[in-house]
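Working notes for the structure below.
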Amino acid sequence: MVLPLSSLNETETIVPPDTVNVDGDGLDVVSDDKCHLLSGQFGLIVQLFLGFLSLLALFIKWRRENHRRSLTVWKYDVLKQVVASLFAHVMNLIVAMVLANGGKAECPWYFVNFVFDTFCGIPLATFLFCIFQFAARCFAWEKVMESGYYGDPPQFRWWLKQVLAWTIIMALTKTILAIPLYIHRETISQFAVRLFSPVRQDPHTELVIVMIVVPGLLNMLNFCLFDSVLKRKYHDEPNKQFTPLSNAENNEEIDEENALFAS
């Protein structure tokens, strides 16, 4: 049916909530109910749950080790990853929001960035870490030349320097990976938004998929693989941390574990 000109003038233009417009910077979702990465209490709960899953995976991995690290060393190894991962997570959020062009399609961008970071970032970070370890041995940087060894007994200063080194490596990895994403942002943006078009009208469902379902599994894989890279290898020179425990030391270790479970 063709409306009269007068009717057209009096008729308001209605834009569907899931309309997608293509512009020079990619796709712009015209909606007041977009999925935002920093979406209040729900987004915070989602991200805390994601962190819990990763820590749970590390704990199960530690409990199944053949030559289990002491509880103190394991806590230092976990905290090293937690600090660097929090920094990396903030960088991922910033990259997603910047590439999403001021808050548009943040969740699809975060998903693409996270998947790309997992499959390309793990080998790149491992490569950079090996280069750093080689340089540390060449220049005799004692406190960082052997990852996962924090002195005997373990010392906070050794751990702090290793955390700083690993955080710098993660920052460099994120920066390198962000370059191709930025160069091809228009093509990637179109793909990312169309990928999530079926759940576009339900921002909470989209946030769960983007922040839990896929990243939850990939994040556990991330933590477990990096834990194997960062922990001290058993073929290194033996020291007190890895020699068989005496009865007294073994009882002390059991007491520490019991205290962990009780807390």
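Using the working numbering, you'd call the opening residue of the sequence shown number 1316 and step up by one each time.
Even glycine gets a Cβ: it sits at the ideal position worked out from N, Cα and C.
Open item on the list: In whole angstroms, give me the CA-to-CA distance for residue 1387 and residue 1547.
Closed with: Between residue 1387 and residue 1547, the C-alpha separation is close to 13 Å.
Checklist entry - How many angstroms separate the CA atom of residue 1435 from the CA atom of residue 1396? => result A direct Cα-Cα distance of roughly 18 Å separates residue 1435 from residue 1396.
Notebook entry, point to check: What are the start and end residues of each continuous beta strand (DSSP E) run of 3 or more residues lying completely inside the segment 1439-1478, in chain order?
Noted result: Here no run is fully enclosed.
**Request:** Buried or exposed for residue 1553, please, with buried defined as at least 16 other CB atoms from any protein chain shown within 10 angstroms of its CB.
**Result:** Confidence at residue 1553 is low in this model, with a pLDDT of 42, below 50, so the placement of that residue is unreliable and no value is reported for it.
For this session: Decide if residue 1344 is buried, meaning its Cβ has at least 16 other Cβ atoms within 10 Å, or exposed.
Result: Low confidence applies here, because residue 1344 scores a pLDDT of 36, under 50, leaving its location unreliable and the question unanswered by this model.
Going straight from the alpha carbon of residue 1375 to that of residue 1528, what length do you get? When rounded, the distance between both Cα atoms is 20 Å.
- Taking just the CA atoms, how far does residue 1499 sit from residue 1484? Spanning the two alpha carbons is a distance of roughly 24 Å.
Quick check on DSSP: helix, strand or coil for residue 1648? There is simply no residue 1648 to check, as the chain begins at 1316 and stops at 1578 in what is shown.
**Study point:** Own chain partners of residue 1404 with C-beta closer than 8 Å, once the 5 adjacent residues on each side are dropped
**Key:** Short of 8 Å from the beta carbon of residue 1404, and not among the five residues preceding or following it, lie these beta carbons of its own chain, in chain order: 1362.
Host alpha helix (DSSP H) of residue 1400 (start-end): In the DSSP assignment, residue 1400 falls within the unbroken alpha helix (DSSP H) covering 1386-1414.
CA nearest to the CA of residue 1364, picked from 1422, 1530, 1441: Here the closest residue by C-alpha is 1530.
- For residue 1381, does the count of other Cβ atoms within 10 angstroms reach 16, so buried, or fall short, so exposed? Per the 10 Å Cβ criterion, exposed.
Once you ignore the five residues that flank residue 1458 on each side, which residues in its own chain have a CB closer than 6 Å to its CB? Here residue 1458 has 1473, 1476 as same chain residues with Cβ atoms under 6 Å from its own Cβ, once five neighbours each way along the sequence are excluded.
ask   = Hey, would you say residue 1507 sits closer than 8 Å to residue 1427, going by beta carbons?
value = The answer is yes: Cβ separation under 8 Å.
Report yes if the C-beta distance between residue 1538 and residue 1492 is below 8 Å; otherwise report no.
-> For the 8 Å CB-CB criterion, residue 1538 and residue 1492 do not form a contact.
| task | Let me know the secondary structure DSSP gives residue 1434 once reduced to three states. | result | Residue state, collapsed to three classes: helix.
(request) Can you tell me the Cβ-Cβ gap for residue 1402 and residue 1490, rounded? I've got them flagged as a contact below 8 Å. (result) At roughly 12 Å, the Cβ-Cβ gap does not stay under 8 Å, so residue 1402 and residue 1490 are not in contact.
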